[in-house]
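Position 60, counted from 1, in the sequence shown is what our numbering calls 62; the numbers after and before it change by one each time, with no gaps. Note that the Cβ used here is the ideal one computed from N, Cα and C, for glycine as well. The structure presented is a predicted model; accordingly, all values stated were derived computationally and were not measured. Here the structure comes first, spelled out in structure tokens, and everything after it is commentary.
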Amino acid sequence: MITEFTEIRTERLVLRPLREADRPTVLEIQTDPRTNEFNPRPPTVEETEQKFAYWLDHWRRYGFGYLVVLEAATGKVLGLGGVQVRQHAGADVLNLYYRFRPAAWGQGYASEMAAAVVDWAERELPERPVLISISVGNKPSIRVAERLGFTCFLEDMYDGALSRHYRKITS
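Have a look at this one:
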């Protein structure tokens, strides 16, 4: 199923689809050692290139995916985030992802972006639950997940690190 996504605007942010011209910025953010503090195997440039190609292909296949996060007032790229289809325990889920430049940390951008994306996903793709997988040591990302109303339901190894998997519990 292809979903049509254009952009999301929040009070301070513009979230727009990833495009080929974003490659250098994505490579910079994804390979910055500071943004990989909790990653047991920080990605190489080659791995990031492959991941970027996969992310663009996801956009072609599904009509949504990871986004570029811009500061609305300046147009400056703050980071990346969004949802993408992934398999977890044999089911299709939407993986919520966020990675920001260190200069954008601590200003609530990740929470603002994630809340807007989760709202969009719950409205547009309600059949696929949103899941957040976070390394247990990544306290800032854990706080974002908890602020969004997500609850840890499983702790196991994921992507080479002991991780907590979060989802919203609905009654």
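Evaluate residue i with the Cβ neighbour count: other Cβ atoms within 10 Å of its Cβ, from every protein chain shown; 16 or more gives buried, anything less gives exposed.
i    : result
T153 : exposed
M159 : exposed
S173 : Its pLDDT being 47, under 50, S173 is placed unreliably in this model, and the value from its coordinates should be taken loosely. It counts as exposed.
D24  : buried
Y56  : exposed
T76  : exposed
I31  : buried
T37  : buried
L96  : buried
L69  : buried
In whole angstroms, give me the CA-to-CA distance for residue i and residue j.
i    : j    : result
L80  : F102 : 6 angstroms
V132 : R169 : 6 angstroms
L58  : R149 : 29 angstroms
L98  : H167 : 11 angstroms
R88  : G108 : 28 angstroms
D94  : A117 : 21 angstroms
S137 : E9   : 29 angstroms
A105 : R21  : 23 angstroms
F40  : G139 : 7 angstroms
F7   : F155 : 30 angstroms
With DSSP as the reference, identify every bridge partner of residue i, one or two as the case may be.
i    : result
R169 : L133, T153
Q86  : N97
E73  : L15
I10  : L17
M159 : L164
V28  : DSSP, once it has assigned bridges, lists no residue as partnering V28.
V79  : L72
F54  : DSSP, once it has assigned bridges, lists no residue as partnering F54.
F102 : G81
For residue i, which option in the options has the closest C-alpha, if you only look at C-alpha atoms?
i    : options                : result
A91  : S135, V120, T33, T8    : S135
T5   : E39, V87, G77, G65     : G65
L15  : L127, Q52, G83, I144   : G83
A74  : T12, Q52, L127, F54    : T12
R18  : V146, W61, E126        : W61
G67  : L156, A123, K141, A163 : A123
R145 : Y100, P128, E126       : Y100
Any heavy atom of the ligand SAH closer than 6 angstroms to the CB of residue i?
i    : result
S137 : Absence of the ligand SAH from the depicted structure is noted, as is the absence of any ligand whatsoever, leaving it without description.
Evaluate the contact criterion for the segment 41-54 versus the segment 102-119: three or more CB pairs, one atom per stretch, below 8 angstroms.
no
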